[in-house]
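**Student:** Okay, here's the structure, questions in a sec.
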Amino acid sequence: MRNIELLIKPVSYDCNLNCNYCFYKSTKNIYEKNHHLMDINILETLIQKSLSYSDAGTAIFSWQGGEPLLAGIDFFKNLINFQKKYGKSGQIIGNSIQTNGILLNEEYIKLFKEYNTFIGISLDGNEEMHNYYRGKSFSKIMQSISLLKKENLEFNILTVINNFNVNKPKEMYDFFIQNNLFYIQLIPCAEKDEKGNIASFSVEPKFYGKFLCEFFDLWYNNGNPKISVRFFDNIAEVLAGLNPSYCGFKDKCGDYLVVEFNGDIYSCDFFVKKEWKLGNILIDSFEKLFNKNKTTFGSLKSKINEKCQKCKWLYICKGGCLKYRMINENKYDGLDYFCDSYIEFFNHSIDRLKKLIKIKGGKNENSVF
Numbered sequence: 083m084r085n086i087e088l089l090i091k092p093v094s095y096d097c098n099l100n101c102n103y104c105f106y107k108s109t110k111n112i113y114e115k116n117h118h119l120m121d122i123n124i125l126e127t128l129i130q131k132s133l134s135y136s137d138a139g140t141a142i143f144s145w146q147g148g149e150p151l152l153a154g155i156d157f158f159k160n161l162i163n164f165q166k167k168y169g170k171s172g173q174i175i176g177n178s179i180q181t182n183g184i185l186l187n188e189e190y191i192k193l194f195k196e197y198n199t200f201i202g203i204s205l206d207g208n209e210e211m212h213n214y215y216r217g218k219s220f221s222k223i224m225q226s227i228s229l230l231k232k233e234n235l236e237f238n239i240l241t242v243i244n245n246f247n248v249n250k251p252k253e254m255y256d257f258f259i260q261n262n263l264f265y266i267q268l269i270p271c272a273e274k275d276e277k278g279n280i281a282s283f284s285v286e287p288k289f290y291g292k293f294l295c296e297f298f299d300l301w302y303n304n305g306n307p308k309i310s311v312r313f314f315d316n317i318a319e320v321l322a323g324l325n326p327s328y329c330g331f332k333d334k335c336g337d338y339l340v341v342e343f344n345g346d347i348y349s350c351d352f353f354v355k356k357e358w359k360l361g362n363i364l365i366d367s368f369e370k371l372f373n374k375n376k377t378t379f380g381s382l383k384s385k386i387n388e389k390c391q392k393c394k395w396l397y398i399c400k401g402g403c404l405k406y407r408m409i410n411e412n413k414y415d416g417l418d419y420f421c422d423s424y425i426e427f428f429n430h431s432i433d434r435l436k437k438l439i440k441i442k443g444g445k446n447e448n449s450v451f
C-alpha cells in the first residue's frame with residue numbers, strides 16, 4: 083500500500099490579490115506568461131497516474147496558488163469526475179483548497195461540501211492587520227467565512243505573521259475567539275528583497291519568538307479544547323512520539339511533490355526553481371519522481387548545522403526548514419532563520435505542553451489535546 087501527497091498549482095502564481103509578501107511571485111522567473119491554467123489533459127493524466135501509484139492507499143491533493151479558485155468551477159468539477167473515474171474500491175482520496183476566499187460563493191461551497199473538501203482561508207487577523215498587506219479584502223473574506231459556517235463546511239485559518247501583526251498577539255487571538263475561528267495555522271514571513279537583503283515585511287526572529295510565547299500563554303490560559311493552533315499541535319505531536327504534520331520539523335524532506343500548471347514537478351513550493359525541477363507528469367512516472375526527490379532534495383535536510391547538533395531541542399525542530407536555513411546563511415546546513423525564536427518558545431512552553439499531553443493521554447480530538 084502506497085500513499086501519495088501532492089501540492090498542486092493549477093494556475094501557478096496567478097492571483098486576484100497582489101500581496102507584497104507572497105513568496106510564490108518568484109515563480110515568474112520560470113513561467114513568464116500571464117493567465118496560466120492547467121489543461122484538462124494534464125489534469126486527467128495527473129489524477130490517473132497519482133491514483134494508480136497510490137493503489138489501495140491514500141491520495142491527498144492540496145490545491146494552492148496563487149489563487150486556485152481562478153481555475154474556475156468547471157475545473158474542480160472535472161477534477162472530481164476524474165477522481166471518480168480512476169479511483170479504486172477502498173482507496174482514500176482527499177482534497178483541500180488554500181484560498182484567499184474572495185471567489186468563494188455558494189456554488190463552490192456546495193461542490194466542496196458534497197465531496198468533503200477541506201478549506202483553508204488566508205486571514206491575517208482583524209481588519210487592520212489583514213488589510214495592511216492584503217488590500218481591502220477583509221470584508222469580502224469575512225462574508226465567505228460566514229457562508230462556510232452557514233453550510234457547516236470544515237475550514238481553518240492560515241495567518242501570515244509579518245512585521246506589522248507580530249506585535250499584536252492579544253488583538254489577534256481575541257479576534258479569532260470572538261469570531262469562533264478555532265483552527266489556526268501561523269506562518270512566519272521571511273523573504274529576501276531584490277538586493278538579497280531581508281525584506282522589510284519579514285518578521286524579525288526576536289519579535290516572532292516573543293509573539294509565539296504570548297500567543298501560547300493566551301491559548302494555554304484560555305483552556306478551550308476547541309482551539310487548535312497547528313504549530314503547538316506539531317510540537318505536541320513530537321513530544322507524544324508522533325510524526326509531526328509540519329514538514330519543517332521532520333527528519334527529511336521529500337514526502338510530497340509540487341505540481342505546476344503545465345505538469346512540471348518540483349520538490350517543494352519554496353524551491354520551484356529550474357535547478358530543482360524533477361520532471362514532468364506527462365513524461366515521468368511517480369516512482370521515478372519520488373525516487374529522484376529522495377536522493378536529491380530530500381537528502382539535504384540531514385545536513386545538520388554544528389550548533390544544532392549540540393542543541394537540546396534538535397529532537398523537536400530537526401534543524402528547521404531548508405528555506406529558512408537558506409534565507410539565514412545561504413547554505414542548506416545553515417541555522418534556521420527562526421532558530422532563536424524556536425529556542426525561546428521551547429524554553430517557555432515545553433513543560434506545559436508535556437503536562438497537557440499527560441493529562442489528555444496524547445489523544446487528538448480537535449487538537450492534540
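Residues 83 to 451 in my numbering are what the sequence shown lists, from first letter to last. All residues carry an ideal CB built from backbone N, CA and C; glycine is no exception. Bear in mind that the values here come from a model prediction, so they are computed numbers and not experimental data.
(1) What's the call for residue 431, buried or exposed, on a 16-neighbour Cβ count within 10 Å?
(2) So, using beta-carbon positions, are residue 95 and residue 147 closer together than 8 angstroms?
(3) Could you check whether residue 129 and residue 168 sit closer than 8 angstroms to each other, using their CB atoms as the reference points?
(4) Rank 313, 256, 323 by C-alpha distance to the C-alpha of residue 300 and give the top, closest one.
(5) How many Å lie between residue 338 and residue 381 at the Cα?
(6) Within the continuous alpha helix (DSSP H) that includes residue 130, where are the two ends?
(7) Is residue 397 buried or exposed, if buried means 16 or more other CB atoms sit within 10 Å of its CB?
(8) Restricting to Cα atoms, I'd like to know which of 246, 212, 240 is closest to residue 281.
(9) What does the alpha-carbon distance come out to for the pair residue 72 and residue 408?
(10) Mapping the DSSP letters down to three states, classify residue 227 as helix, strand or coil.
(11) Which one or two residues does DSSP pair with residue 200 in a beta bridge?
(12) In angstroms, rounded to a whole number, what distance separates the CA positions of residue 260 and residue 157?
(13) Should residue 363 and residue 170 be called a contact, given that it needs their Cβ atoms to be closer than 8 angstroms?
(14) Suppose the cutoff is 6 angstroms on Cβ atoms and the five residues either side in sequence are ignored; what does the same chain contact list for residue 334 look like?
(15) Helix, strand or coil for residue 320 per DSSP?
(16) For residue 248, which three-state DSSP category applies?
(17) Just to confirm, are residue 244 and residue 298 a CB contact at a threshold of 8 angstroms?
(18) Taking the C-alpha atoms as reference points, what is the distance between residue 423 and residue 268?
(19) Indicate whether residue 85 and residue 136 have their beta-carbon atoms separated by less than 8 angstroms.
(20) Taking buried to mean at least 16 other C-beta atoms within 10 Å of its own C-beta, is residue 83 buried or exposed?
**Tutor:** Reading off the structure:
(1) The residue is buried, with at least 16 neighbouring Cβ atoms inside 10 Å.
(2) For residue 95 and residue 147, yes; Cβs fall inside 8 angstroms.
(3) Closer than 8 angstroms, so yes.
(4) Looking at the Cα atoms, 256 is the closest of the given residues.
(5) Between the alpha carbons of residue 338 and residue 381 lies a distance of about 14 angstroms.
(6) Here the alpha helix (DSSP H) through residue 130 covers 122 to 136.
(7) Burial state of residue 397 is exposed, judged by a 10 Å Cβ sphere holding fewer than 16 other Cβ atoms.
(8) Closest by alpha carbon: 246.
(9) Any property of residue 72 remains undetermined from this structure, which presents the chain solely from 83 to 451.
(10) DSSP, read as helix, strand or coil, puts residue 227 in helix.
(11) DSSP output for residue 200 lists 178 as bridge partner(s).
(12) Using only the alpha carbons, I get a separation of about 35 angstroms.
(13) Not a contact, by the Cβ cut-off of 8 angstroms.
(14) So the list reads 380, 383, once near-sequence residues are dropped.
(15) The three-state reading of DSSP puts residue 320 in helix, counting H, G and I together.
(16) It is helical.
(17) Contact flag unset, no.
(18) Taking the straight line from one Cα to the other gives about 14 angstroms.
(19) The Cβ atoms of residue 85 and residue 136 sit closer than 8 angstroms to each other.
(20) So residue 83 ends up on the exposed side.
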